[in-house]
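Everything on this sheet refers to the single structure shown next.
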Amino acid sequence: MTAVPTAYTLGTSTRTAEEFLACCRAFAITRIIDVRRFPTSRRFPHFVQAAFAAFLQAAEIAYVHLGETLGGFRTGGYEAYTATDDFRRGLARLEALLLQAPGAVVCSERFPWRCHRRFIARELEARGWAVVHIIDPRRTWVPRAPAGAHGKDAPGRAATRDGVDDR
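Using my numbering, read the sequence shown as starting at 7 and increasing by one per residue.
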């Protein structure tokens, strides 16, 4: 029996560098795949691309930026963009990276149901991946709706490291 590969997603949000690293450590993440189209932040300078890569490297976590092919803010909307060759190339590169080391797909939004990560996750799930959306070091989120259903009010369940929390 072949194990199902697992991909994680995580948002930088308003976290400190230490809070972000705590999320990575809680799930044994050793590679960050940044899918922010514009990897910068005025309010959180530790998430500007160079600083982000540096603090991850100091924590022995690899950093890769795939914002060119998987970043958000696409003309016509991100869901339509998932049908393009550029997206498919980016997704193939993402899968190769995730197969090499436990990794998290990262952008700036904390909650995946408000973010383009949900479209990336949907495509990974369609290719046989298990996707875990990290909310914080003790909680994850899994959509209740079938793959492909989404929206800002998408129902879901939060899971703790000890079980499911339906708050």
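Glycine residues also receive a C-beta, built at the ideal position from the N, C-alpha and C atoms.
Taking the beta carbon of residue i as the centre, do at least 16 other beta carbons fall within 10 Å, making it buried, or is it exposed?
i, result
"A107", "exposed"
"G83", "exposed"
"G78", "buried"
"P51", "exposed"
"A64", "exposed"
"T81", "exposed"
"G109", "buried"
"G134", "exposed"
"I40", "According to the sequence displayed, residue 40 carries Asp and not Ile. Buried is the call here."
Check each candidate in the options and name the one with the smallest Cα separation from residue i.
i, options, result
"T12", "R144, D142 and R128", "R128"
"G17", "A57, V70 and S114", "S114"
"R49", "T22, D91, R133 and T90", "T22"
"P45", "Y69, W119, G73 and A60", "G73"
"R31", "V148, R144 and P149", "R144"
"H122", "E24, F33, T36 and R43", "R43"
"T8", "T146, V148 and A136", "A136"
"D142", "P118, T90 and P149", "P118"
"I67", "I140, A132, E131 and A34", "A34"
Got a sec, what are the start and stop residues for the alpha helix (DSSP H) residue i sits in?
i, result
"T75", "G73 to L76"
"F53", "Element bounds for F53: n/a, residue is neither H nor E."
Which stretch, first to last residue, makes up the beta strand (DSSP E) that contains residue i?
i, result
"A13", "T12 to G17"
Could you name the residues that DSSP lists as bridge partners for residue i?
i, result
"V70", "I39"
Length-filtered (3 minimum) beta strand (DSSP E) runs lying within the stretch 87-154: DSSP runs (the beta strand (DSSP E)) wholly in the stretch 87-154: 109-113, 136-142 and 145-149.
Runs of beta strand (DSSP E) lying entirely within the stretch 14-47, each at least 3 residues, in chain order: For the beta strand (DSSP E) assignment, the uninterrupted runs of no fewer than 3 residues enclosed by the stretch 14-47 are, from N- to C-terminal side, 37-40.
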